[in-house]
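**Student:**
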Amino acid sequence: MKRLVILGSTGSIGRQTLDVVRGFPDEFDVVGLSAGRNAALLQDQIHEFRPRYFHCCGEATLDGATPLDPREMATLPEVDLVVVATVGGVGMRPTFDALNAGKPVALANKEVLVMAGGLVTAAARNADVRILPVDSEPSAIWQCIEGDPRGIARLYITASGGAFRDRSWDSLRSVTPEEALDHPTWKMGAKITIDSATLVNKAFEVIEAHWLFGAPFDRIEAVVHRQSIIHSMVEFSDGSVKAQLGPPDMRYPIQYALMYPHCR
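See the structure below:
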């Protein structure tokens, strides 16, 4: 049984991570959960998954678990995998703490790699542990190259185009937040959905791929694929191309990372 700490358990990725855990009750033991300010949902999660520890900003006590700082959770000796499902800079320190403690990290927080990719990957190498990408596009690249000895010639990262892919330049002057949050294929949290509408998210994923797979920026291409079925493609040194396909559902890359190396 793999013992997990899930940071950001009440967000979109955190909830879907627990959905995967729910589907495999004999595979996972949730040791700790941390959240922002959604204490009510975190309390429900504590009742269902019975973690030993929790953290919630502004909440000193919740029933059924002991409060503990996320950075301490990430280094607990009994933990096998730390899932960093937070958004933004808040994920930085726990990621470093986990890696430095020799814990593999299932990383959904792409801002950590955007801000400090060189330092994060160096920490993983120094501790001889893996960073397991949870974001769908880097996960797809990982699945394509895992166990394949051929050199990488080029990476292709797909993009749906976001909420405004069919809008004219002039019409973008009057768009609303509600329109930006109406993603055509993915169900995600608010920040990443807005970043998808502006295509900033795709720029982040190019940076992610650069640090995770050591690919030069001039060998990483973003291409529009409206259906979001092909998540990424890898062109190898012999000219062949491998693609990873699947429904636009984040639970698939989450499950791959949680189960690794015994994926099913």
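According to the working numbering, the sequence shown is numbered sequentially starting from 1488.
Note that CB positions come from ideal geometry on N, CA and C, so glycine has one too.
1. Can you say whether P1664 is buried or exposed, counting buried as having 16 or more other CB atoms within 10 angstroms of its CB?
2. Since Y1743 is in the alpha helix (DSSP H), which residue starts that stretch and which ends it?
3. Looking at the unbroken beta strand (DSSP E) that takes in A1646, where does it start and where does it end?
4. So, is P1591 buried or exposed, given that buried needs 16 or more other C-beta atoms within 10 angstroms?
5. Can you pull the DSSP bridge partners for P1620?
6. Unbroken alpha helix (DSSP H) runs of length 4 or more, entirely within the stretch 1677-1749: which are they?
7. Mind the definition here: the stretch 1573-1586 touches the stretch 1508-1515 only if three or more C-beta pairs lie below 8 Å; say whether that holds.
8. If we ignore side chains and look at the alpha-carbon of each, how far apart do D1657 and T1685 end up?
9. So does the stretch 1708-1726 actually touch the stretch 1613-1631, counting three or more Cβ pairs closer than 8 Å?
10. Taking I1632 and A1709 to be in contact with their CB atoms under 8 Å, please state how far apart those CB atoms are, rounded to whole angstroms.
11. How far does the beta strand (DSSP E) with F1515 in it reach, from first residue to last?
12. In the DSSP assignment, what are the bridge partners of P1756?
13. So, with DSSP's three-state summary, where would you put L1529?
14. Determine, using beta carbons only, whether G1638 and V1711 come nearer to each other than 8 Å.
15. How many angstroms separate the CA atom of K1489 from the CA atom of R1537?
16. For the beta strand (DSSP E) that V1494 lies in, which residues bound it at each end?
17. Tell me, please, which residues DSSP counts as bridged to L1505.
**Tutor:** Judging by the given coordinates:
1. As a working mapping, residue 1664 is identified with position 177 in the sequence shown. Exposed.
2. The residue you call residue 1743 lines up with position 256 of the sequence shown. From DSSP, the alpha helix (DSSP H) with Y1743 extends over 1738-1746.
3. In the sequence shown, residue 1646 corresponds to position 159, counting from 1. Note, A1646: beta strand (DSSP E), 1639-1646.
4. For this step, residue 1591 is matched to residue 104 along the sequence shown. Classification of P1591: buried, given that the 10 Å Cβ count is 16 or more.
5. The count along the sequence shown starts at 1 and reaches residue 1620 at position 133. Its beta-bridge partners are L1594.
6. 1677-1685, 1687-1700, 1738-1746
7. no
8. The residue you call residue 1657 lines up with position 170 of the sequence shown. The residue you call residue 1685 lines up with position 198 of the sequence shown. One C-alpha to the other measures close to 15 Å.
9. yes
10. Taking the sequence shown and counting its residues from 1, one reaches residue 1632 at position 145. Taking the sequence shown and counting its residues from 1, one reaches residue 1709 at position 222. Going by Cβ atoms, the distance from I1632 to A1709 rounds to 18 Å, so no, they are not a contact pair.
11. Along the sequence shown, read from residue 1 onward, the residue named residue 1515 stands at position 28. 1515-1522 is the extent of the beta strand (DSSP E) around F1515.
12. Since the first residue shown for the chain is 1488 and the last is 1751, residue 1756 is missing from the structure and cannot be characterised.
13. Sequence index remark: in the sequence shown, residue 1529 carries index 42 (1-based). Correct three-state label for L1529: helix.
14. The residue labelled residue 1638 in the question sits at position 151 within the sequence shown. The residue labelled residue 1711 in the question sits at position 224 within the sequence shown. Result no, Cβ atoms of G1638 and V1711 do not sit closer than 8 Å.
15. For the purposes of this step, residue 1489 is taken as residue 2 along the sequence shown, with counting starting at 1. For the purposes of this step, residue 1537 is taken as residue 50 along the sequence shown, with counting starting at 1. Approximately 15 Å, taken between the alpha carbons.
16. Taking the first residue of the sequence shown as position 1, residue 1494 is located at position 7. One point to set straight first is that residue 1494 is Leu, not Val, in the sequence displayed. Where L1494 is concerned, the enclosing beta strand (DSSP E) stretches over 1489-1494.
17. Position 18 of the sequence shown, counted from the start, is the residue given in the question as residue 1505. In the DSSP output, where bridge partners are listed per residue, L1505 has none listed.
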